[in-house]
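K.L.:
Here it is, the structure in full.
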Amino acid sequence: MDEEEYGGDAGMDAEYDVEPEAPEEPFGEGEDAEGTEAHAEGEERMEVLEQQPAQPTDRPRITTRYMTKYERARILGTRALQISMNAPVMVELHGEFDPLEIAMKELREKKIPFTVRRFLPDGSYEDWSVEELIQTDR
Numbered sequence: 001m002d003e004e005e006y007g008g009d010a011g012m013d014a015e016y017d018v019e020p021e022a023p024e025e026p027f028g029e030g031e032d033a034e035g036t037e038a039h040a041e042g043e044e045r046m047e048v049l050e051q052q053p054a055q056p057t058d059r060p061r062i063t064t065r066y067m068t069k070y071e072r073a074r075i076l077g078t079r080a081l082q083i084s085m086n087a088p089v090m091v092e093l094h095g096e097f098d099p100l101e102i103a104m105k106e107l108r109e110k111k112i113p114f115t116v117r118r119f120l121p122d123g124s125y126e127d128w129s130v131e132e133l134i135q136t137d138r
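Here the sequence shown is numbered in full-length UniProt numbering, starting from 1 and rising by one per residue.
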């Protein structure tokens, strides 16, 4: 197809209006990047948060003892990432080099030092260590 047939030159000679960016103005004295007043050196910044519901330690657990496939995937992925970044390995290695294989071996031997936090609908949560959770064979 010829350029004259469709009435254009493929936009090669189109002109664009480009406005120059406005120069950044330095922050006013005593202000930070957000425009709020900067705190003096040594003065702590404190933020007040709403009170979260506390979970008593003697409360019986209501979630299942079984590790879900989603928890397993997150545990293995996170631990493999740590191992790949030279975190100490918690099991004896016998020729394993792949961080994911090492993480799977740690999980089989229940040596991963993680805690799984399961949130409940009422805003509270339950913490389970990896050693406490039952794994299905996969």
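Each residue gets a CB set at the ideal place from its N, CA and C atoms; glycine is no exception.
1) Determine the direct distance from the alpha carbon of R118 to that of E131, and round the result to whole angstroms.
2) What are the residues that DSSP puts in a beta bridge with V116?
3) Apart from the five residues on each side of it in sequence, which residues of its chain come closer than 7 Å, Cβ to Cβ, to A80?
4) Assign I83 to one of three DSSP states: helix, strand, or coil.
5) Identify the continuous alpha helix (DSSP H) that holds E106 and give its terminal residues.
6) Closest by CA to I75, which one among T64, R61, F114?
7) Figure out for me which residue from W128, D127, T78, P60 has the closest Cα to the Cα of E106.
8) On the DSSP bridge list, what partners appear for I75?
9) Measure how close the beta-carbons of T63 and E126 come, nearest whole angstrom, since I'm counting them as under 8 Å.
10) Once the 5 residues before and after D137 are set aside, which same chain residues still bring their CB inside 7 Å of it?
11) Checking 8 Å against the spacing of the C-beta atoms, do Y66 and I112 come in under that value?
12) List the DSSP bridge partners of I134.
13) Out of curiosity, what's the CA-to-CA distance linking H94 and W128?
P.N.:
According to the data block:
1) 15 Å
2) W128
3) P99, L100, A103
4) helix
5) 99 to 108
6) F114
7) T78
8) Per DSSP, none; premise fails for I75.
9) 5 Å
10) none
11) no
12) Y66
13) 29 Å
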